[in-house]
Amino acid sequence: MKDLKIIVISDTHMPRMAKAIPPRLTEELKTAELIIHAGDFNTVDVVKELEQYAPVKGVYGNADELAIRGMYPEKTIIEAGSFRIGVTHGHGKGKTTEKRAMDLFQTEEIDLLIYGHSHIPSFKTIDGLQLLNPGSPTDKRRQKQFSFVILTVEEALNVEFVYYDSKI
Numbered sequence: 004m005k006d007l008k009i010i011v012i013s014d015t016h017m018p019r020m021a022k023a024i025p026p027r028l029t030e031e032l033k034t035a036e037l038i039i040h041a042g043d044f045n046t047v048d049v050v051k052e053l054e055q056y057a058p059v060k061g062v063y064g065n066a067d068e069l070a071i072r073g074m075y076p077e078k079t080i081i082e083a084g085s086f087r088i089g090v091t092h093g094h095g096k097g098k099t100t101e102k103r104a105m106d107l108f109q110t111e112e113i114d115l116l117i118y119g120h121s122h123i124p125s126f127k128t129i130d131g132l133q134l135l136n137p138g139s140p141t142d143k144r145r146q147k148q149f150s151f152v153i154l155t156v157e158e159a160l161n162v163e164f165v166y167y168d169s170k171i
């Protein structure tokens, strides 16, 4: 199997938090074969802009307009090579974002769970399940830097965080 380059993003919150896709992200999108967005695009224009680079799969988030809720589900499973990747935004009431995301997929067989909502980049394993939050490429909140992930599908899933200081 040929390697598959997937760009994983969440919480773009455009155009409120950025008028354009940050140059550091654009650079990687040019060679992506798939984009996974874990919700909070905000507008359909963001989806259309991302689709100029590669197919966009993902889920809606709590801050997405109704049109996006019609385009994407609350949770999905994406097949990538021999791997099954669960995706959800992670919003809701009670528990942590991470725990809400895990609860949604508790009966599913997945190799990786991607979620967003908290804007906090994270990659860890809990009870044998890999959990990935790419952070945000445009709204770092209290994080030191903006972030997204390059996920390379080979014999294994390889996660590489990309951090940068300016979204302009």
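Residue 10 in my numbering sits at position 7 of the sequence shown, with consecutive numbering throughout.
We treat Cβ as the ideally placed atom computed from N, Cα and C, and that holds for glycine.
Note that the structure is a prediction, hence the values are computed from the model and not measured.
- In the assembly as shown, G131 is an exposed residue. Its beta-carbon has fewer than 16 other beta-carbons within 10 Å.
- Excluding sequence positions up to five before and after T141, its CB lies within less than 7 Å of the CB of T15, H16, M17, M20, A21, P25, F149, K170, all in the same chain and listed in chain order.
- In this structure N45 is buried. Its beta-carbon is surrounded by 16 or more other beta-carbon atoms within 10 angstroms.
- In this structure, P76 sits away from V59, with a CB-CB distance that is not shorter than 8 Å.
- Sequence-distant partners of V156 (beyond 5 residues in either direction) whose C-beta falls short of 7 Å from its own C-beta, in its chain, are D6, L7, I9, A83, G84, F86.
- For E82, the three-state secondary structure derived from DSSP is strand.
- Boundaries of the beta strand (DSSP E) around I153: 149 to 156.
- The shortest C-alpha to C-alpha distance from Y118 to any of I153, S139, L135 is the one to L135.
- Taking E112 as the centre and dropping the five residues before and after it, the same chain places the C-beta of R87 closer than 8 Å to its C-beta, in chain order.
- Distance from the CA atom of H122 to the CA atom of K143, rounded to whole angstroms, is 6 Å.
- For I71, the enclosing alpha helix (DSSP H) begins and ends at 69 to 74.
- Taking K102 as reference, the option from K147, I129, L115, Y56 with the minimal CA-CA separation is I129.
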